[in-house]
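In UniProt numbering, the protein residues as written are 1 to 322.
A virtual CB, placed ideally from N, CA and C, is assigned to each residue, including glycine.
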Ligand SMILES: [Zn+2]
């Protein structure tokens with residue numbers, strides 16, 4: 001049987017979460033920032049064994065900026081020689097213009113690093129100056145808020161980008177497969193259908209939102225995102241928090257149920273799946289340390305006044321797909 005893997009471009013992952021990535025740093029960019037740290041130490045004459053050695057053996061009383069580059073072969077080729085650790089050249093890693101533009105202010109005491117508000121150099125601030133950037137992703141607050149559930153957020157991140165292996169993608173790859181949605185058996189499976197238009201998914205959305213006291217407006221992903229965003233009117237409100245938790249949890253559980261049906265031949269009704277999601281979120285909400293107390297209305301909606309520890313001991317809450 002052919003093995004399919006998730007395909008997410010590494011470059012799309014290597015951005016901060018605010019810019020739509022997963023917050024992983026590109027090694028090449030981080031290495032440049034580390035090299036900048038060495039240069040900064042040289043410029044500020046920070047007293048380390050390495051800077052002492054470079055000043056004594058390479059610079060010999062001259063500043064970095066006084067040393068000419070290869071047009072004058074009688075000088076030390078600071079920018080173009082392979083003298084850095086691991087055989088790297090400064091000119092390959094970082095341009096003089098970048099260094100000059102980030103450290104060109106002088107105070108009475110010496111250089112000020114303009115890459116941070118405090119004027120103090122840090123590798124992180126150098127990385128911020130040197131890294132590739134993307135526009136701010138308006139959906140990042142739906143995914144990576146403080147109280148998020150990581151595996152749910154990651155699944156939603158993939159779903160929003162259309163990177164889950166739905167059956168329509170297998171068909172594009174040329175394999176003769178049954179394209180019918182495993183949940184409703186009525187329409188062909190795609191991201192838009194599976195998570196937002198499927199009759200089974202709709203029952204789950206409606207059930208969980210009714211139990212939570214939230215209005216479910218539509219069945220398209222665009223409206224879904226708008227719906228989740230519309231609860232931002234109070235940035236840290238409990239309704240906004242719960243809307244975002246539901247959004248990611250439902251997508252996660254629907255994908256899990258779909259996989260169980262296809263690969264394990266096990267089925268769960270929409271009502272049972274909704275109850276499972278509700279109980280998992282109930283447990284999660286009960287364990288949150290929020291800056292504000294939950295309203296009595298929310299506590300009643302989610303049965304948070306009940307003895308969760310006793311229920312947990314009886315196995316009634318806390319079950320979740322791995
Ligand atoms: Zn369906």
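When the Cα atoms are used, what is the spatial distance from residue i to residue j?
| i | j | result |
| --- | --- | --- |
| residue 30 | residue 54 | 22 Å |
| residue 288 | residue 148 | 10 Å |
| residue 246 | residue 135 | 26 Å |
| residue 59 | residue 46 | 14 Å |
| residue 155 | residue 14 | 17 Å |
| residue 8 | residue 118 | 37 Å |
| residue 195 | residue 201 | 6 Å |
| residue 282 | residue 115 | 44 Å |
| residue 187 | residue 204 | 17 Å |
| residue 291 | residue 304 | 17 Å |
| residue 51 | residue 36 | 13 Å |
| residue 69 | residue 62 | Residue placement at residue 69 cannot be trusted, given a pLDDT of 47 that sits under 50; the coordinates are not used to answer. |
| residue 251 | residue 240 | 17 Å |
| residue 297 | residue 150 | 27 Å |
| residue 19 | residue 56 | 44 Å |
| residue 265 | residue 280 | 23 Å |
| residue 133 | residue 146 | 23 Å |
| residue 197 | residue 169 | 17 Å |
| residue 263 | residue 138 | 35 Å |
| residue 299 | residue 269 | 26 Å |
| residue 323 | residue 184 | Any question about residue 323 goes unanswered here, given that the chain covers just 1 to 322. |
Is the beta carbon of residue i less than 8 Å from the beta carbon of residue j?
| i | j | result |
| --- | --- | --- |
| residue 189 | residue 182 | yes |
| residue 152 | residue 249 | yes |
| residue 277 | residue 256 | no |
| residue 167 | residue 158 | no |
| residue 267 | residue 261 | yes |
| residue 25 | residue 127 | yes |
| residue 21 | residue 12 | yes |
Would you call residue i buried or exposed, if buried means 16 or more other Cβ atoms sit within 10 Å of its Cβ?
| i | result |
| --- | --- |
| residue 302 | buried |
| residue 210 | exposed |
| residue 274 | buried |
| residue 208 | buried |
| residue 243 | buried |
| residue 71 | Only weak support exists for where residue 71 lies, its pLDDT of 45 falling under 50; the value from the coordinates is given anyway. Exposed, since its Cβ has fewer than 16 Cβ neighbours within 10 Å. |
| residue 144 | buried |
| residue 10 | exposed |
My understanding is that residue i touches residue j, with C-beta atoms under 8 Å, so please give their C-beta distance in whole angstroms.
| i | j | result |
| --- | --- | --- |
| residue 199 | residue 238 | Actually they are not in contact, since the Cβ atoms of residue 199 and residue 238 sit about 30 Å apart, beyond 8 Å. |
| residue 140 | residue 17 | 5 Å |
| residue 130 | residue 33 | 6 Å |
Can we say the region 151 to 168 touches the region 37 to 47, given the rule of at least three CB pairs closer than 8 Å? no
Indicate whether the contact test is met: 3 or more Cβ pairs, each with one atom in the region 112 to 123 and one in the region 209 to 216, closer than 8 Å. no
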